[in-house]
Structures are given as C-alpha cells and as structure tokens.
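Please read the structure below before turning to the comments.
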Amino acid sequence: MKNWKNIQPYLLVAPQTLVFFLFLVIPIAAILMVSFWEFTGYSMSPAFTWDNYAAIFSSPVYLATYINTFKFVAIVWLITLAIAYPIAYFLAFHVTSLRWQIVLFLICTIPFLTSNIIRMISWIPFLGREGVLNQTLMALGVTNQPIEMFLFSDFAVVLAMVHLYSLFMIAPIFNSMMRIDRALVAAAEDAGASGWQIQKEIILPLAVPGIAIGSIFIVTLVMGEFATVRLMSGGQSSSVGYLIRTQIGSLQYPMAAANAVILLLVTLLLVFGILRAVDIRKEL
Amino acid sequence: MSKKRPLSFYLLAAFFGLFVLFLYGPFSAIFLLSLQGPEGQLTFPMRGFSFYWLGEVFQQQRVGDFVSAFQRSFLLGLLVMAITVALSVLAGMAFRSKFWGSNLIFYLTISSLIVPSILVSLGIGIVFSLLGIDNQWYSSALAGHLTWTLPFAFLIMVGVFNRFNPSYEEASRDLGANDSQTFWQILLPLIAPSLIGVGLFGFTLSYDEFTRTSLISGENNTLPLEIFGMTTNVTTPALYALGTLTTAFSFLLIGVAVAAFQLLSHRQEG
C-alpha cells in the first residue's frame, strides 16, 4: 500500500508527460539533428555540417529578417504593456464589485476565444484603400488621396498583433494586482502617500510577476509569428517564422531547422532573462 | 459606496471603453459587411442588405470547401478537448503531492508554452516525415494542438487543486468509500465547473489554432487553414460571411459553457 502511494503520482502524470515527450522533446531534438543535415536540392540527407548556420549568419537578408522580428517583438511588447497595465489597474482597483470585475474581464476575454485569422481579416474594412480610416482622413481634409500604407504594412502587422495578443498581457497583470492586499494601499493613503507614490512604491513592484509572465507570452507569440506578418503585410515584411514557412514550402528542411534552432535559442534567452525577475510557481 | 470617485476613475473608464471598442469594432464591421446585398464590396458603405453572402458560404465552388473543413475542425476540437480534460485532471491530481522529479515535469509542461508554435509544427512534421508517416489532421495536427492546450489546462488544474479542500475526500474515506468511489462521486462533481472552463479552453484553442497546424495538417485543411487560404483568392464579402458564421459559432460555445458552468456551480450551492 505504501508502494502504491509512492508510485501513484507518476502513473497520474505519465500520460501528459508522454505527450510532451513524444510531441515536444523528440520533435525539437529532430529539429536540432536536421539542422546539421545537408540539402541536396530536392531533399535532405544525413550529414554533420555547420553550413546551414554559416549561411544564416553570413546572409544580410537573413540577419535583416531577424532584426525585423526583434523589432516586432519590442514594439508589440511596449504597446501591449502600455495598454494592459492601465486596463488591469482599472479592473482590479477602480471596479469595486466582484461581479462587475468578472463581467468586464470576460468582455475583454471573449474576442480571444475567436479565430485569429478572422480577427486579422476584420481589419480590412478599416485599413484598406477605401477603408474607414482613409475615408475619415479624406473627409477631414488631412489627405486628399487614400494612403496605401495602412493595410499591407508594418503598421498593420503591429496593430493586428496588439489586437490579437493584448489579453496575454492583461490577464497575468490583472491576476497579480488582484492579490495585492488592499490594506497596503489604505495604509499608504493614511500615511499621506500621493497616488503616484502608491503606484510606484506598491502597485508596480507587486505587479512585476504578472508583467513578467505577460512579457513571456508576448515574446513567445511574436517571435514565432508568421500568419499575421504574411497576411497584414501582404508579404512585404518578413519574420523568422515566415522565413521558416517559406523554406518548408521549398522543402529546405535543414535550413528551416537551423533557423528554428536559432529562433528557439533567442526566445529561451529572452525568457530566462525575464524569469530571473520572478518565480512563476508562486503565481498559481 | 458613497465615496466620490476620483478623476482617474473616469479617465481609466474612458480608456477601458476605447479598448473594448478596439477589440469589438473591427468584428462588428465585418459582421455588418457580411449582410450586404449581392453587389456588396469589401469596404463601407454597405451596399444593400441581405443574407446572400451568408448563403454563399455554403456554395462549395465559390469559396472552397468550408463545410468539410468545419467538420474536421469541430471533430478535432472535440478530440483535443476530451484528451486535454482527461490528462490534465490526472496530472493535476499527481501534483497535489510533492514527488521526486515534479519540478522537472512542471517545467517541461511550461516549456511547451515558451517554445514558439512554428517549432512545434516544424518538429512534428520532421519526425513524421523521418518515420514515413503521413501528416493528418487527426494525427500530427492533433499532437501539435495538445502541446498547446495541455499546459494551459494543467496550470488551471494545479490552481484548482491548490484551492481544493481535502476534507471532503477525507470524509468520504472515513465513510468507507474507496479511491475510485471518492474520485467519481466526490472529487469529480466538485471540480466539474472548472472542467467546463478547461474543456472550453481546449476546444476553442484547437478550433482556432493556425500556426501549430500550418505545417502538419496533411492533405485536408482545418478551418483556420482553409480561411487563411481564402484570404488570398476570395475578394467578396463571402470572406466576411465566413468570419461572421465561425465567430457566431465561437460565441455560441462560450454561451453554452457559461450556462453549464452556472448550472453546475448553482447545484453545488443549493
């Protein structure tokens, strides 16, 4: 009976762990392996060569793609944080009834349970050549011919990503803020702290774990993006994810794998950097 | 609450309102535009009013094979949901006690969220091609989806069990119930409302997933892939009509889940 109690957790956790072993660990090991293989023009063949990596690091086009991806990550991160912090603060501290907090949070959540592709498409009537934005600007006399850049541009890519991913920043910050002891804020108020001081000394430091988790989500989601980049830039902008997709399209598995390995390493580096600030197991 | 609301409340409330507009505005636009007459275009103003384009979605030759893509995505969503709920409940129960290696398994699970989706898709694709197995929506795509739904479900279940009061189970054992009776008659009904949430999550994450399916769907597209393909060659409001229909379906699901959640938690109180 004692033995059974000891072995029970392993049996319970085995099926899920098997899924991750088979469909996460082994695939990533396979990517790593194939990244050293050769591409023979139409298929891949086993080898051990650094050529794929050398090709990436010596190509200005590839490096520009990486820089473009980092640019998207940085901009989207900054904007989602600037939106999420006040939204989460409003929900956690200004909305005082739990029922309303749940209702308003659900209002924010529902769009995230619908299709990303549809949500991207839904920007076409706004950003298109004859879209609402251009029509408004022309009616106001700001410009006398439609601006082509709204749809199919980096602007559209960033806008769509913020639209798609901001909840991933809001939810963890909201979660952290809900755990802040209201007595701390009341005590600070009684001691004569200004609103700004309360933000800076109490709420912001205690919201850091939420910000860290949100940032991990944003970094991971944007780093591997290709659908938004493809659709919203009309193929004019690029990202590492899009590059990998294109290489798979022409069957260049070893090159795609090498790019994937670099993408993974950079992502992990960023995530570990963020994790130094926070112990996520405490947040559950 | 007689306390006067500070100015910051109104400013933040206005900001919140703008954010909600930002979230829902684009969608309401395609909803309206999908209700145009047959002469409708992709942008405002609306040209006529009819259900023409909604009907057009079901005309196979015009906009690709929407109906069978929907059937595949629906079935796949159900499969993912069932597996996700079952495995995450088991794993969540394992994590109620501290066991050797639990940290490693915890981080393995979390790492599935941190690995960019395109890698999962690429990696599974490579493994399947090395083994000479064909990619299919019910094999490779199913595997890819599980790597995305399971970590979320697992985190929710760990949170649920952290807050779970063990005295119910102790009482059940004291009354002579065995492990399986305690599980089916006490524990499962108590966590049932949370399982609705996990199930909804599992289904919708799978139903809407694009990147993790993109390289490994095999010969038959799931719905998001089919829609993505249409964006390049469909230039009529049929595209919006499809968006309206699938989003209506998502809303319906959320509604059913919320109703079921209320029903189950109400039963527990009463």
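Heads up: the protein sequence lines correspond to chains A and B, in order. Be aware that the first sequence starts at 1, since it is given in the UniProt record's numbering, and climbs by one per residue. Be aware that the second sequence starts at 1, since it is given in the UniProt record's numbering, and climbs by one per residue. All C-beta atoms in this analysis are idealised placements derived from N, C-alpha and C, irrespective of residue type, glycine included. Just so we're clear, the structure is a prediction, and the values are computed from it rather than from any experiment.
| Item | Value |
| --- | --- |
| Please classify Leu98 (chain A) as buried or exposed, where buried requires at least 16 neighbouring CB atoms within 10 angstroms. | exposed |
| Among B:Phe31, B:Phe203, B:Arg47, B:Gly243, which residue has its Cα nearest to the Cα of Pro38 (chain B)? | B:Arg47 |
| Should Thr80 (chain A) go down as buried or exposed, given a rule of 16 or more other Cβ atoms within 10 Å for buried? | buried |
| Output the distance between the C-alpha atoms of Asp51 (chain A) and Phe36 (chain A), rounded to the nearest integer angstrom. | 8 Å |
| Taking 7 Å as the CB-CB cut-off, is Ser2 (chain B) touching chain A? | Residue placement at Ser2 (chain B) is poorly supported in this model, since its pLDDT is 45, which falls under 50; the coordinates still yield a value, given next. Closer than 7 Å: no. |
| If you run the structure through DSSP and keep just helix, strand and coil, what is Met46 (chain B)? | coil |
| So which residues on chain A does Thr147 (chain B) lean against when the C-beta distance must stay under 8 Å? | Val19, Phe20, Phe23, Leu24 |
| Using Cβ-Cβ distances below 7 Å, what residues of the segment 119 to 134 of chain B are close to chain A? | Leu119, Val120, Leu122, Gly123, Ile124, Ile126, Val127, Leu130 |
| Grouping DSSP H, G and I as helix and E and B as strand, with all else coil, what is Ser45 (chain A)? | strand |
| Output, in sequence order along the chain, the residues in the segment 178 to 197 of chain B whose CB is closer than 7 Å to any CB in chain A. | none |
| Give the single residue among A:Met161, A:Ile118, A:Val185 whose Cα lies nearest to the Cα of Ser28 (chain B). | A:Ile118 |
| Taking Cβ to Cβ, would you say Val57 (chain B) is nearer than 7 Å to Leu215 (chain B)? | no |
| How many Å lie between Lys273 (chain A) and Ala207 (chain A) at the Cα? | The question names Lys, yet the displayed sequence has Gly at residue 273 (chain A). Looking at the two C-alpha atoms, the distance is approximately 17 Å. |
| Buried or exposed: where does Ser2 (chain B) fall if 16 or more other Cβ atoms within 10 Å of its Cβ makes it buried? | Reliability of the predicted coordinates at Ser2 (chain B) is poor, the pLDDT of 45 falling under 50, and no value is obtained from them. |
| Determine the direct distance from the alpha carbon of Thr246 (chain B) to that of Val157 (chain A), and round the result to whole angstroms. | 23 Å |
| Would you mind telling me which residues of chain A sit closer than 8 Å to Leu54 (chain B), beta carbon to beta carbon, in chain order? | Correct list: empty, because the minimum Cβ distance to chain A is about 15 Å. |
| What's the C-alpha gap between Thr41 (chain B) and Arg179 (chain A)? | Rather than Thr, the amino acid found at residue 41 (chain B) in this sequence is Gln. Their backbone Cα atoms lie some 49 Å apart in a straight line. |
| Using a 10 Å radius around the Cβ and a threshold of 16 neighbouring Cβ atoms, would you call Pro209 (chain A) buried or exposed? | buried |
| Using 8 Å as the cut-off, can you tell me whether the segment 192 to 212 of chain B makes contact with the segment 139 to 159 of chain B, which would need three or more C-beta pairs spanning the two stretches below that distance? | yes |
| For the segment 210 to 228 of chain A, which residues have a CB atom closer than 7 Å to at least one CB atom of chain B, in sequence order? | Ile216, Thr220, Met223, Gly224, Phe226, Ala227 |
| Expressed to the nearest angstrom, what Euclidean distance is found between the alpha-carbon atoms of Pro27 (chain A) and Ala258 (chain A)? | 14 Å |
| Determine the contact status of Asn220 (chain B) and Trp100 (chain B), defining contact as a CB-CB distance below 7 Å. | no |
| Using a Cβ cut-off of 7 Å (strictly closer), state whether Thr267 (chain A) contacts chain B. | yes |
| Indicate whether at least one CB of chain A lies closer than 7 Å to the CB of Ala82 (chain B). | no |
| Checking 7 Å against the spacing of the C-beta atoms, do Val34 (chain A) and Tyr242 (chain A) come in under that value? | no |
| Got a sec? Which residues, its chain only, sit under 8 Å from Ala257 (chain B) by beta carbon, not counting five neighbours each side? | Ile196, Gly197, Gly199, Leu200 |
| With DSSP as the reference, please indicate the residues paired to Glu38 (chain A) in a beta bridge. | A:Ser45 |
| Figure out for me which residue from B:Ala260, B:Gly255, B:Val85 has the closest Cα to the Cα of Leu106 (chain A). | B:Gly255 |
| Please confirm whether Thr235 (chain B) has its beta-carbon closer than 7 Å to some beta-carbon of chain A. | no |
| The alpha helix (DSSP H) that contains Lys71 (chain A), what's its start and end? | 60 to 89 |
| Just to confirm my understanding: we take Ile75 (chain A), look at its own chain, exclude 5 residues before and 5 after, and list those with CB closer than 7 Å. What are they? | Val158 |
| Which residues in the same chain as Glu169 (chain B) place their Cβ atom closer than 7 Å to its Cβ, once the five residues preceding and following it in sequence are excluded? | Thr182, Ile186, Leu187 |
| Of all Cβ atoms in chain B, is any one closer than 7 Å to the Cβ of Asp190 (chain A)? | no |
| Would you give the residue range spanned by the alpha helix (DSSP H) that Gln135 (chain A) belongs to? | 132 to 139 |
| As a quick exercise: from B:Phe152, B:Ile227, B:Asp179, B:Leu54, pick the residue whose alpha carbon is nearest that of Gln8 (chain A). | B:Asp179 |
| Quick one: Cα of Leu225 (chain B) to Cα of Met120 (chain A), how far? | 13 Å |
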